[in-house]
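With the working numbering, letter number 207 in the sequence shown gets 211, and the count goes up by one each step, no holes.
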Amino acid sequence: MAPVKVIGAAFGRSGTESLRFALDILGYNTHHMKCFFTDSNLDCNGFYDAYEHRDEADWDKLLLDYDAVTDFSAASFYYDLYKKYPDAKVILTVRSADSWYNSVKNTIFRTVQELPKHEEGSKQFDILRLCKTVCLDGKLFNPETFLNEDDIKQTYRDHIEDVKKKIPENQLLVVELGEGWERICKFLGKDVPDVPYPKSNSTVEFIDYFLNGNRPLNIVPSLTEP
Numbered sequence: 005m006a007p008v009k010v011i012g013a014a015f016g017r018s019g020t021e022s023l024r025f026a027l028d029i030l031g032y033n034t035h036h037m038k039c040f041f042t043d044s045n046l047d048c049n050g051f052y053d054a055y056e057h058r059d060e061a062d063w064d065k066l067l068l069d070y071d072a073v074t075d076f077s078a079a080s081f082y083y084d085l086y087k088k089y090p091d092a093k094v095i096l097t098v099r100s101a102d103s104w105y106n107s108v109k110n111t112i113f114r115t116v117q118e119l120p121k122h123e124e125g126s127k128q129f130d131i132l133r134l135c136k137t138v139c140l141d142g143k144l145f146n147p148e149t150f151l152n153e154d155d156i157k158q159t160y161r162d163h164i165e166d167v168k169k170k171i172p173e174n175q176l177l178v179v180e181l182g183e184g185w186e187r188i189c190k191f192l193g194k195d196v197p198d199v200p201y202p203k204s205n206s207t208v209e210f211i212d213y214f215l216n217g218n219r220p221l222n223i224v225p226s227l228t229e230p
């Protein structure tokens with residue numbers, strides 16, 4: 005389905021899953037970190053290799069079935085993707101650094117500390133290796149670095165400024181978390197859908213999904229296995 009038409013450049017816990025569902029409603033097929041658990045065709049090791057060797061990444065192959073991307077697996081590569089797909093529109097969802105840090109601390113960081121270990125060579129091991137690498141360049145999964153709150157918040161702010169600096173104004177839309185459909189649809193040249201803008205992956209939902217095993221679609225059955 006590539007080339008990619010929409011790049012979500014925001015770090016995870018900035019409304020990236022809500023944006024994913026919104027883009028899908030608008031007719032795109034959107035990649036998100038959770039897709040590594042649900043799409044057997046996705047090569048998470050290919051994404052890991054792309055991080056290690058950016059100039060060699062085959063994005064048409066890695067994102068074969070997708071024409072939009074969000075979450076850390078997009079944010080970590082947003083400029084690589086923009087250079088590969090220079091006609092793509094870039095959407096940056098933002099929130100305060102304080103609220104973002106607290107959200108990450110109460111979801112991703114907590115989950116990583118409580119998840120069981122997985123055997124090397126398993127799909128779960130490979131996915132977690134990728135996450136540990138691309139999420140804030142490894143800082144998020146390392147308590148010593150992540151709990152340096154001021155530094156992590158500055159990393160978040162620096163990323164926002166980096167996107168604003170590198171992406172041309174006519175191809176970038178900065179959206180406040182919870183803003184809704186209007187400006188996104190205008191930016192993408194789409195009609196506003198007759199449904200509410202999605203709200204997904206709250207802190208409670210995240211913990212239910214990854215730690216409590218409450219997954220209606222049984223998407224990640226092994227994450228809570230001993």
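In this text, a Cβ means the ideal position worked out from N, Cα and C, and glycines have one as well.
Computed from a prediction, not measured in an experiment: that's the story for all the values here.
With a Cβ-Cβ cutoff of 8 Å, do residue i and residue j count as a contact?
i	j	result
residue 66	residue 51	yes
residue 73	residue 16	no
residue 203	residue 22	yes
residue 30	residue 136	no
residue 97	residue 18	yes
residue 185	residue 160	no
residue 192	residue 93	yes
residue 156	residue 105	yes
residue 33	residue 71	yes
residue 179	residue 112	no
residue 20	residue 36	yes
residue 14	residue 79	yes
Looking at the secondary structure, which residues open and close the alpha helix (DSSP H) in which residue i lies?
i	result
residue 164	153-170
residue 46	Note, residue 46: premise wrong, no alpha helix (DSSP H); not H, not E.
residue 131	127-138
residue 173	Run containing residue 173: none; DSSP gives neither H nor E here.
residue 63	63-66
residue 144	Per DSSP, residue 144 belongs to no alpha helix (DSSP H) and is neither H nor E.
residue 190	186-192
residue 82	82-88
residue 28	20-29
Which whole-angstrom value is the C-beta distance of residue i and residue j, which I expect to be below 8 Å?
i	j	result
residue 85	residue 138	Rounded, the Cβ-Cβ distance is 13 Å, inconsistent with contact.
residue 99	residue 176	The Cβ separation is near 17 Å, so there is no contact.
residue 54	residue 81	7 Å
residue 48	residue 144	Not quite, the Cβ-Cβ distance comes to about 17 Å (not below 8 Å), so this is no contact.
residue 63	residue 38	Residue 63 to residue 38, Cβ: 19 Å. No contact.
residue 131	residue 41	7 Å
Do residue i and the ligand COA come close, with the Cβ less than 7 Å from some heavy atom?
i	result
residue 149	Questions concerning the ligand COA fall outside what the structure shown contains, since it holds no ligand whatsoever.
Looking only at DSSP bridge pairs, what is residue i linked to?
i	result
residue 93	10
residue 72	10 and 34
residue 98	180
Starting from residue i, follow the beta strand (DSSP E) in both directions and report where the run begins and ends.
i	result
residue 180	176-180
Is the shortest distance between the beta-carbon of residue i and the beta-carbons of chain D less than 8 Å?
i	result
residue 81	Chain labels in this structure do not include chain D; a single protein chain is all it has.
Original post:
Given 8 Å as the limit, is there contact between the segment 134-149 and the segment 165-177, that is, 3 or more CB pairs closer than that?
Top reply: no
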